[in-house]
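Each remark here refers to the structure printed beneath this line.
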Amino acid sequence: VLNNRYFQRLFACNIAELCKLMGQLLNNAIKDIKDKCIEAIRLFLFINKMTLLKEDMRIHFIQEVFVPMCYAWNVIGDDDNFTFREKIIQCIVQVVLFESNFITKLLTKPVSVDIHKCDNKVWLAVNKINKLSSECEVQVVSASYTFLLRAVIAKMANPSEEDYKRLFKIFEHLANQLGLTVDKVRSVSFHPIEGWEADGSFCIISEMIKVLDDGKIPLKMDFEGYSLETWMISLVIGMTSINLTTLTPALLDMAEAAFRLNPLIIEPCVDVTVQIMLRPKTTEAYCSYTRMMLAAIDGAHRIKRLQKFISFLLAGIRPNLMARCEDSLVVDDVIPSEVGEAFSAAVETFTNIQALSTMKAFLFHLESDSLAHIESSCIDNTVVINTEIIVILLTKLIFGVKFADHSVPDVIKAKFKSQLEDLSNLLRKFGEIGEIYQSTHNDRLVRSYMQLCHTYGEVQLLFEEYEGSPIKQLTNFDLKPTNLSYVHPYLTHDQWRRIFKKVMSHEGCLAKNEMLRLLIQKISAVAQVEVGTEGPGSQAARYLLEVADLEWMWSQVVALAPLFQAMELDNLIKGLVKSCKNDQTRWKTLINENGDKFLENRRLVLATGIRLLQRAGKIISHSSELRSLTCEVMSHLIVDQMLEYELSNLITEDLELAQQLDIATRNMASLIEANINVKKEDEIPIKIPHQSYFEVVKMLPLHHFSLPTQSSILLSIVSLLYDLPPDDIIDIHLLDVLYNILDGPQKHNCKLLGHLDPGTLIRFLTVRADSYPNQKELISNICSIALNDRDTAKQLLKSVSKPKKNTLWITILAIQALKKMKKISENENAEEDMPPRKKALNKKECINSLIALAVPILLDEQPSLQLLPDYAVVLKNELANKSLGKLEHLLSKLKEYSEIAINDYTSGGEGLVKVMMCHRQELGEHFPKVLVNLAWTHLLNEMETSPSESISQLVFSSSNDEEFDDIIKQLLSNTITEVKHTIETKQNSGLERVLTLWSYLIQNPLPYKKNKLRTEGLVRMVNPVTDLITSWSKENACLDSVSYLLGFYSTLTPLLWVELRPVLIDAILLSLSAVPLTDTHRDTLIPRLNLVVDTLFSLYLFRTSLVLDRLPAILQRYRNCLLALAPVAEISVEDVDPVVTVAGKLERVARTMVKRGKDFTRVAPYLVADVVGIFGKFQIHADVKNIYTNIIYAFLPICDSHAITYLKSVLPLASKELFKNIYVNYNKHHRYVGKI
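Using this note's numbering, the letters of the sequence shown map in sequence onto residues 14 to 1249.
Pasting the structure below:
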């Protein structure tokens, strides 16, 4: 109705009915009709422009439409661009605020008791707004008031101080309607709305304050007798004091909004902030409290008052705790982790003086508010909470400020060390107080002490590292695990021993884990000076393994692994694996959480993998009667030696350890070879390890370790495969690990097989890995590895020298591996005293002998799909060499095999098809006439997989002229069909396939006649493509086809053997102009711009001579790209790298174009003007702006003096000044003034 011209004219006269209609629509709004609601508001605004009854429209709008509109916004929500919100604000501005008289009446009219008893219609509308809270729900009132404030802000084009004062008066007036009154003497009164909870008013006031913040209202703004600052202080202090016993989320959100609006109020509100901190919070209020504290820290930091804020905060904690302290209060409720991190990040910007002053305040309060009371034995919850707060904040300060950095002056370092000395004195006094370790066990207090000790130790070690201090010598006392005096000398070894004894003997002590962290710190500190495996670090590590809980070990394993010696690390992993029993899923969680930190620790990865495999073997061998090959094989492994070898191998190989590992692998291989061919007895049922054992092993990068280690793991997995019954999941995990090892970095070394006979291994895997998807690739890798050495090669050739129908494929894999090898011999040895190398095997003779064994089987057996790949390999060899004279016999089977290959193209016939196409000339009359056509039909119609490029190129090259003509015709026909399908159904999978085939068609040069047919096909392709390009401008068009078509054109233009006729160039330019570049969503626009710029640049760069007469069209598209990129390159953009990439391409295009100065001299000034105009229209990110400026610099050298004068005179005033600055900078820094 609203879209009809007749009804528009009718409603322009009948305002009341229009507003009733809009009210009904918006009152019944749901999410599905959001777009229709927005369109209805747009039409409503259009009618508002037509009508002359502006005053009536405003009154009826407020009475009938305003509230339903806000209700609809609450129900429907908004998109990322706030389209609905902006449309509502626009509606309020144009309908309600078209003149300022209404706001004056809103602020002056007292609220009537009854909304409906009012003579003046304007007062009725004003009263409607004033009394919304008595008629509507909280969400609707909140939306109404915030929209009204946003509309007032939007109305202010160039706001003055009076405008801002008026805005705040409106805010104050609306707050009054919610029951909040702040008078001029910094006092506050609150009268909740009838039927509402106070939280409703707090929530609305919070939202209105956020609107004021968005409106950039000045922080210093004085009214009659009070200011914005004093008003907000009264609001926070008054409302919080009234509601301190029941801290609600809405109240805390209101305080947060006030802090973010005006950070100047944070310091005056510090006392009430401390009171909020020390009150227990509900779960619902905890998140709001965290945000409020983050706002306080951020605000104080922004106005450079964080140091004072912290000082006042520390001063207020003790008095408030003495006044009231809940027994249930814990430090995590006072300082959430997010607040601690925010404080740590904020102090990083402290000046040295600020940091020292703040630390001095912490030390003062630690001594006066905590240590003094502990010394007098006045230990209660107030002292504990106070200590915990100080310790947490002091720790964040010390780690946040980089005092040890080389950039810090020596004077500042000396002062900080003096404060550290004061801290050590406090720690000494604290440690000497025996009462806190007695029967009362003040665990939280001791825990805070241990945390502070750990912080002190970390800073001292950091200073020693940065300053290169002499390494302290170890003493006999340091060998005692509980002696921490090496890092913490303020207590003696006897004092540390007593503290350890008290803490560890107390079951469930909260300070135990912190005590263990100090042990870890000692292990880390002595690692630099410890020699051997019996030093202080090893002793402490063993003690740690004895006393620490396994649950705590799980959280610390990644940090402990680099510090432990090999034996201790092995014991740690062994204990953790054992603790998980038959389900090792926890390792997956640990690896996923730590990522590279876990996977890059070589010893941790290796110990975990080996211990998991060993544990799986022990589960299998669950009784004395059951003989487990895995346990016997892995019993030869000495895990700590393997860990030591991996560590030493990073510097230089330890030959002694390498020899021991080699002996171990020989023994393991002997055991496997002795048992793997013996039939396994199944009388006693075995226990199957949980699949998580093998899933975790698969996650570990075991294929990146040294050769002996990988050989040991390979042999262990083979033994597991022998012991375990077939299982789809477990088998795939183990065989994947095996495959990764055989295909890894060490795959060219025959020692990877661990002295195991490759034939034995292949025979075993032929049966055991029968259902493994990559079985052929696995055995092919074994063949390739075995052929690296003469002895293993002979073993391999012997094992495949008696092929049968079912094992012929293994012989064929050996043949293929032989073809890839350059030479089969022993590794060369330069030592003179070594015996000479054995004679190398003759590669050609080996291949021929294996082929000779395979041919009789292929001739005797009936052709089948199973033998098809083997036949293809043998036929290819005979076609290329003809060494056996068996070609005629093989060709007698070709017809049957080719029929199988064509019918089962995807199942295994592709190999034979390739052979026949490559050797079409040699095959002569044996070549199937329908092969090319059938292969091409398959490429066109097989939609499940992408077309094969290799097959496509063979089809194009092996086809004769007549077949090639048919190929082009079919491809054109399919192109027309897929374009129509894409336009009609918006689905483009078929179009992508067709354009991929076109891309394959143009990849390589062709003979003259084929090339002519290809060029004609490309010309005839223009018509359907034009229809596709035209469809891009339609609503709901399938724009995914843009990437496919432009991708094809960017592939086409550089291929100079393809003739680019004028109609093709026009089609490319048409597609570039039709690509929609108006979308401001960067995830959509950036990929399109990349395609457009790439295609445009490729067209100009490689076909310059063909496009010189089309330069205006090319420049127009270039200007469009410059303009389209600007909106998504504004200053607020977070990830600027994709935008910079596109801008860099545009700069490259510009620098390429100016090389032909004579063609661009006349248009260069206009391009410069375009870029300068973009600077004036958009606030562009600095990185992108630099590139755009470089584009101007590229065109300025080809602008003559007349062009520069022209630009200085015709550009708009703002752009003119900007251009002058750019031109001056160009002349000063970029213009080349030398001689050529």
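The beta-carbon is built from N, C-alpha and C at its ideal position, and this holds for glycine as well.
Contact between the stretch 277-295 and the stretch 330-347 is established, with three or more Cβ pairs separated by less than 8 angstroms.
Here GLY251 is buried: its Cβ has 16 or more other Cβ atoms, across all protein chains shown, within 10 Å. Judged by DSSP secondary structure, VAL570 falls within the alpha helix (DSSP H) whose first and last residues are 563-573. Ranking SER173, PHE718, SER1228 by CA distance to the CA of GLU666 puts PHE718 first. The DSSP-derived three-state label of GLU1143 is strand. With a contact defined as Cβ atoms closer than 8 angstroms, ARG55 and LYS100 qualify at about 7 angstroms. A contact is defined here as three or more CB-CB pairs under 8 angstroms, and the stretch 755-766 meets this definition with respect to the stretch 795-802. Counted as a single uninterrupted DSSP element, the beta strand (DSSP E) harbouring SER202 occupies residues 201-203. Rounded to whole angstroms, LEU1098 and VAL1106 show a C-alpha spacing of 12 angstroms. When DSSP assignments are scanned along the stretch 911-999, the uninterrupted stretches of alpha helix (DSSP H) that are 4 or more residues long and fall wholly within it turn out to be 923-931, 933-936, 944-954, 962-971, 974-998. Taking SER200 as the centre and dropping the five residues before and after it, the same chain places the C-beta of SER247, GLY251 closer than 8 angstroms to its C-beta, in chain order. Judged by DSSP secondary structure, VAL195 falls within the beta strand (DSSP E) whose first and last residues are 193-195. Per the coordinates, the alpha-carbon of CYS1134 lies some 42 angstroms from the alpha-carbon of GLU361. Here DSSP, grouped into helix, strand and coil, assigns LEU1112 to helix. Between the alpha carbons of THR400 and ASN394 lies a gap of roughly 10 angstroms. By the Cβ criterion, the stretch 743-759 is not in contact with the stretch 653-670, since fewer than three pairs of Cβ atoms, one from each stretch, lie closer than 8 angstroms.
Looking from the CA of THR286, the closest CA among LEU492, VAL347, GLU858 belongs to VAL347. When the beta-carbon positions are compared, ALA359 and LEU326 stay at least 9 angstroms from each other. When beta bridges are read from the DSSP output, ASP235 appears opposite SER240.
Straight-line measurement puts the Cα of ASP1148 at about 27 angstroms from the Cα of VAL1181. If the five residues before and after ARG441 are omitted, its C-beta is found closer than 8 angstroms to the C-beta atoms of TYR503, LEU504, all from its own chain and listed in chain order. For ILE1193, DSSP records a beta bridge to GLU1143. DSSP, reduced to helix, strand and coil, places LEU650 outside both helices and strands of the structure shown, so it counts as coil.
The count of Cβ pairs closer than 8 angstroms, one atom from the stretch 712-727 and one from the stretch 810-826, stays below three, leaving the stretches out of contact. For ILE870, the closest alpha carbon among the candidates ASN894, GLU858, LYS857, HIS902 is that of HIS902. Listed in chain order, the non-local C-beta contacts of GLU174 below 8 angstroms within the same chain comprise PRO231, MET234, local neighbours out to five positions each way being set aside. Here DSSP, grouped into helix, strand and coil, assigns CYS149 to coil.
With contacts defined by Cβ atoms closer than 9 angstroms, LEU137 and ILE72 form a contacting pair. Within its own chain, the residues whose Cβ lies closer than 7 angstroms to the Cβ of PHE429, once the five positions on either side in sequence are excluded, are LEU369, PHE416, listed in chain order. In this structure, the straight-line span from the alpha carbon of ILE278 to that of GLY622 is close to 58 angstroms.
Boundaries of the alpha helix (DSSP H) around THR1165: 1150-1166.
Scanning ASN973, ASN680, LEU407 for the CA closest to the CA of PRO1020 turns up ASN973. Leaving aside the five residues that flank GLN788 on each side, the residues in its chain whose CB is nearer than 6 angstroms to its CB run, in chain order, ALA782. Closest in alpha carbon position to LEU307, among ARG510, SER357, VAL249, is SER357. Distance from HIS1094 to VAL1146 at the Cβ level is roughly 12 angstroms; contact not present, criterion being Cβ atoms closer than 8 angstroms.
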